[in-house]
Amino acid sequence: MNILVIKTGALGDVVRTSFIAQALKEKYFDTKKRIFPKLYWITQKNALPFFKNNPYIDKALPQEKKHLLKNTNFNLVINLEEDKENCNFAKNLNPQELIGFTIKNKKIQPTKTTKEWFNMSALGEKLQNDILKKQNKKTHRQIISEIIKIKHKEKYEPFLRLTQEQRIFANQFLRRYNLKRTDLIIGINTGSADRWPKQLSIKKTAKLIDNLYNKYKAKILLFGGPNEQDRNQKIQRLSNSPIIDTGCGNNLTEFPALVSVCNLLITSDSLGLHISLALKRKTIVLLGPTSNTEIDMYGLGEKVISDSKCTACYKPNCKSMEKISLNKILQKTETLLKQKISLLITAFKEPNIDQALKASINQKTKYPYEIILSAPDKETLEKAKKYSKIKTIKDKGKGKSLALNQAFQELNTDILILTDGDTQLGEDTVQEITTLFQDPEIGCVSGKPVPQESRKTKYGYWANFLFNAAHRIRKKAHQNNSFIECSGYLFAFRKKKIRKIPIDVAEDTIIPYILYQKGYKIAYAENAEVFVKNADNWKDWIKQKTRTHKSHTNIGDYVDTKTTPKIKTFKNEIKGIKWLITYPRNTKEIIWTIQLALARFYSWIKYYLDIIFFHKHYYDGWERIESTK
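Below is the structure:
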């Protein structure tokens, strides 16, 4: 299936419309053939850098080269531009379905689902257009989703992932000004289009900067476009705080890279706003003459709306920005910079739950955190009541994924750390994991499982071998900014980005995939240790490994494994053959290594037999492995 999107308009609109790429890929996924549609995108030449590293867009073309697609057969064309040239082009492609804008009798016409947006557009009668936009109660994401009939719109967000060149540029900038990723870096973007007056005054901007610096000792970066050069110079002269001027001549490759180093960006309704949100940065938007309803913050930021009665008037001489409250900006800043951390322990009839609870309480960390125990059985919950610091959730006892989904609904937190009741955290685990989240690019962090057994017994050796192999893989991926599959024994993520998980895929598999495909990095905290008791007999060992294989089977039903390849595969396991040779220290360990290779091979055979012939798929249930307790 071939799909074409035509969106060339304002650069900010191009960025915020990018959420539909993933939505279209998933909506038109061929479940029988397991094939995703091929997605083309026509945009303006200046916007091409925004698509360079987007895994959901197969080909992005500047509108000057759209003729190269005239012989392509499109099943669906989505034209979101209201000019005659693009309308004629879309119509002449003769797609099976056309959504958006077309041309009839030499007049631009909206298709059925686009009429509401058309009435608010620039082609509508001017007075009526402004009235409708002011009355509008829908976000841009909602409007566009309704146009192209996307369900579950809340799943999808604007997408912008930096290229390797952009990352290098950002790192060079950090080194030039002696900045660290763990520093609190606040960006102030003074740029905006000239159509409406959307900028905070020079005096207020300087005062805002001084307040932010005095309160947080933050590193302040000043952003702007070519038109803001004189304005930004005046801001620097008025301010009494150290300011790093990023310059006003950065191109559309450099600008996102510079925004990416910020923990928080304060901006007007501008391109900077949409880039910041697409990069998953905390964002405060200052709103005056344009619609505040239409702006979707995706759970990443706050709106500060002018106290003027003239908001959303769309008048070119509007003065509503003069009544933006500095106190409101500072209050919203404080709200966004506070990060709530929760440690969730899932358990079911764990005999050694006290050890897990004590380890979770006795963490050496500067970060405040809460502890929650989720369990279905009365025995475990009663043991938790001895500890005043631990909150409890009684789940329904129908499986870990369902228990997690229940907890996700009940917990309002920013960073959620997951571990199990049959493990024990190292004393620095919360500190090590949480520190990595100071980098706003990171959406998920895996901890390091450590076997409690020594390598002196066969099963202890197997556990040490496999955990060390996983450690090497995760460490290398972390260094290369590659995708990392987390450890189910211990990992953490930005909880507000995950509302619910499927029950036929392991949580440590699906959550990193979802966050990675939203544009976040997955990191590895190699000093965040969790101590694990492993299976010590054949029956439990093979049961556990086969179940792990099965838990990855259905990942392709929820994410595009072409853009983020599956990690847990037999093919990838074969690639680790070098590790088989270098790890053993003596003859006995060589024999155990050979036995492990055969055992892993057998586990894969059993997996394929269970799936293909016996149809024994992964299911979400509390399946106990007694020897690990």
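According to our numbering, the sequence shown is numbered sequentially starting from 45.
Note that CB positions come from ideal geometry on N, CA and C, so glycine has one too.
Since the structure is predicted, the reported quantities are computational estimates derived from the model, not experimental observations.
So, helix, strand or coil for residue i, using DSSP?
i: Y568; result: strand
i: Y84; result: strand
i: E394; result: coil
i: F658; result: coil
i: V303; result: helix
i: I246; result: helix
i: A54; result: coil
i: K110; result: helix
i: G168; result: In this predicted model, G168 has a pLDDT of only 48, less than 50, meaning its place in the structure is not dependable; the value taken from the coordinates is given anyway. G168: coil per DSSP, three-state reduction.
i: K433; result: coil
i: K577; result: coil
i: L417; result: strand
i: Q468; result: strand
i: N15; result: Nothing can be reported for residue 15, as the shown portion of the chain is limited to 45 through 673.
i: K359; result: coil
i: N90; result: helix
i: G504; result: helix
i: N630; result: coil
i: V549; result: coil
i: G293; result: coil
i: I64; result: helix
Could you compute how far the alpha carbon of residue i sits from the alpha carbon of residue j?
i: E169; j: Q450; result: Reliability fails at E169, whose pLDDT of 49 lies under 50, so the model's placement of it is uncertain and the value that follows must be treated cautiously. For E169 and Q450, the distance between alpha carbons rounds to 49 angstroms.
i: I461; j: K251; result: 38 angstroms
i: V576; j: Y505; result: 14 angstroms
i: K259; j: E346; result: 19 angstroms
i: H318; j: Q639; result: 55 angstroms
i: T448; j: I310; result: A small fix is needed here, since residue 448 is Leu in this sequence, not Thr. L448 and I310: Cα-Cα distance of roughly 34 angstroms.
i: Q588; j: R518; result: 21 angstroms
i: K261; j: N255; result: 9 angstroms
i: K230; j: S320; result: Note on residue identity: the sequence assigns Ile, not Lys, to residue 230. Straight-line Cα distance between these residues: approximately 12 angstroms.
i: P300; j: L315; result: 10 angstroms
i: E570; j: K650; result: 32 angstroms
i: L653; j: H593; result: 12 angstroms
i: L401; j: A428; result: 8 angstroms
i: A641; j: A521; result: 23 angstroms
i: N525; j: A567; result: 8 angstroms
i: R220; j: T290; result: 11 angstroms
i: I434; j: I389; result: 10 angstroms
If you compare alpha carbons, which of the options is closest to residue i?
i: I288; options: L223, S314, S335, L296; result: L223
i: C488; options: K408, I542, I47; result: I542
i: G443; options: G53, P420, L120; result: P420
i: I47; options: K69, L642, P546; result: K69
i: L417; options: Y411, T409, E426, K410; result: E426
i: S677; options: Q66, I586, F95; result: Any question about residue 677 goes unanswered here, given that the chain covers just 45 to 673.
i: G53; options: N130, M341, E378; result: N130
i: T355; options: L330, D340, K376, M341; result: L330
i: P270; options: P286, S285, L296; result: L296
i: T424; options: P395, F645, S432, K242; result: P395
i: D604; options: K114, K562, F645, Y627; result: K562
i: L228; options: T146, Y557, T501, Q482; result: Q482
i: K492; options: I554, P546, V574, K422; result: V574
i: L480; options: T436, Q383, I279; result: Q383
i: Y200; options: Q375, I558, D74; result: I558
i: T341; options: K103, T183, K393; result: Sequence check: residue 341 is Met here, not Thr. Cα-wise, what sits closest to M341 is T183.
i: K440; options: A322, F392, P202; result: F392
i: Y72; options: T473, L282, K247, Y100; result: Y100
i: S283; options: F63, L266, L112, I397; result: L266
May I ask which residues mark the beginning and end of the beta strand (DSSP E) holding residue i?
i: P106; result: 103-106
i: I288; result: 287-289
i: C488; result: 486-495
i: V474; result: First-last for V474: 473-480, but that is the alpha helix (DSSP H), not the beta strand (DSSP E).
i: D464; result: 459-464
i: P679; result: The shown model of the chain, from 45 to 673, leaves out residue 679, and the question about it has no answer.
i: F203; result: Here F203 belongs to no beta strand (DSSP E), and DSSP marks it neither H nor E.
i: E141; result: 141-148
i: I264; result: 263-267
Between residue i and chain C, is any beta-carbon pair separated by less than 8 angstroms?
i: R538; result: No chain C is present in this structure, which holds just one protein chain.
Per DSSP, which one or two residues make a beta bridge with residue i?
i: E346; result: I328
i: R538; result: I459
i: N123; result: I50, G144
Which first and last residues belong to the alpha helix (DSSP H) in which residue i is found?
i: S445; result: 444-454
i: D604; result: Unbroken run through D604: none, as it is neither H nor E.
i: L321; result: 315-322
i: N371; result: 370-381
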